[in-house]
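Take 0 as the starting number for the sequence shown in numbering that gives the first Met the number 0 and just add one per residue. In this text, a Cβ means the ideal position worked out from N, Cα and C, and glycines have one as well. So the structure is just underneath, and the comments pick up after that.
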Amino acid sequence: MTTLIRLILLVLLSAALMDIAGLRTAFFQEMVERHGDYAYMGVALAIAWLTMPLVTRQFDS
């Protein structure tokens with residue numbers, strides 16, 4: 000699996016987990032109201048980018 004596909008999947012997973020955990024409240028809701036869904040997906044991208052090395056090691060071994 001290429002790195003780009005892994006990153007896309009992790010962004011989608013991060014966004015779904017943030018919704019499930021209820022993190023799209025208060026701070027995130029205000030951020031989305033000001034900047035739109037791009038801010039929300041930016042947070043999901045940051046989470047995915049930070050967790051990507053862990054996932055890469057898991058699948059490569």
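Worksheet item: Where does Gly35 fall in DSSP's three states?
Response: Three-state result, Gly35: coil.
Item to complete: Quick one: grab the DSSP three-state call for Thr1.
Response: In the structure shown, Thr1 sits in coil (DSSP, three-state: anything other than H, G, I, E or B).
Worksheet item: Apart from the five residues on each side of it in sequence, which residues of its chain come closer than 7 Å, Cβ to Cβ, to Leu9?
Response: If we look at Leu9 and ignore the five residues flanking it on each side, its Cβ neighbours are Ala47, Thr50, Met51 and Val54.
Worksheet item: Any idea if Ala45 is buried or exposed, counting beta-carbon neighbours within 10 angstroms, 16 or more meaning buried?
Response: Classified as exposed, Ala45 has fewer than 16 neighbouring CB atoms from the shown chains inside 10 Å of its CB.
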